[in-house]
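Peer 1: I am attaching a structure below and will ask some questions about it afterwards.
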Amino acid sequence: MTDGNQALKKAGLKITLPRVKILELMQNPENQHISAEDLYKKLLEVGEEIGLATVYRVLNQFDDAGILNRHHFESGKAVFEMSTQKHHDHLVCLTCDKVIEFSDEVIERRQDEIAMRHNIKLTHHSLYLYGHCTNDSCDHADE
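Residue numbers (this note's numbering): 1305 to 1447.
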């Protein structure tokens, strides 16, 4: 049994072709922070005829099961990434929607200190920083 099939079983989800194909694509590092629509297009590119409604349904099931994490960046649409990654925060370019993952121990420590000061025991958190690329590598810098 593959790792993907084991993840589905562990989450209590039946192993179906759409779930397996979507999970295979999501495990590719280049497909992190991908929308349902973009994932649907990638499925079509590789010859998988899985409907958009099915893609949405499976992504929601994976999010509910803890296989994926859903993020709502400023673009207004949900994007997904594998939940097996180590905790990280995100920098998001508002021009080209590029997402950069980063970790910083000082930021993590300060968040814990602030929560403790306010008598809050953190269970989880997300930090999104928004701005604009300042170099020529921005995909839409000249628009």
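Note that the Cβ used here is the ideal one computed from N, Cα and C, for glycine as well.
Note the first and the last residue of the continuous beta strand (DSSP E) segment covering Asp1393.
Peer 2: Looking at the DSSP string, the run of the beta strand (DSSP E) that includes Asp1393 is Asp1393 to Cys1397.
Peer 1: Pop quiz: Phe1429 and Val1383 are said to be a contact at Cβ under 8 Å. What is the actual Cβ separation, rounded to whole angstroms?
Peer 2: Looking at the sequence provided, one finds His at residue 1429 rather than Phe. About 18 Å separates the CB atoms of His1429 and Val1383; that is not less than 8 Å, and the two are not in contact.
Peer 1: Determine the direct distance from the alpha carbon of Leu1356 to that of Thr1438, and round the result to whole angstroms.
Peer 2: 35 Å
Peer 1: Beta carbon of Phe1384: closer than 7 Å to some heavy atom of the ligand MG?
Peer 2: Because no ligand of any kind appears in the structure shown, any question about the ligand MG cannot be addressed here.
Peer 1: With DSSP collapsed to three states, give me the class of Asn1309.
Peer 2: helix
Peer 1: Where do the ends of the beta strand (DSSP E) carrying Glu1405 lie?
Peer 2: Per DSSP, Glu1405 is one residue of the beta strand (DSSP E) stretching across Val1403 to Phe1406.
Peer 1: Nearest to Gly1351 by alpha carbon, out of Asp1368, Lys1325 and Glu1405?
Peer 2: Lys1325
Peer 1: Between the Cα of Met1386 and those of Cys1442, Asn1309 and Asn1335, spot the shortest distance and give me the residue it belongs to.
Peer 2: Asn1335
Peer 1: Give the DSSP bridge partners of Asn1373, in chain order.
Peer 2: Beta-bridge annotation (DSSP): Asn1373 is paired with Glu1385.
Peer 1: For the 8 Å Cβ check, are there 3 or more pairs between the segment 1312-1323 and the segment 1352-1371?
Peer 2: yes
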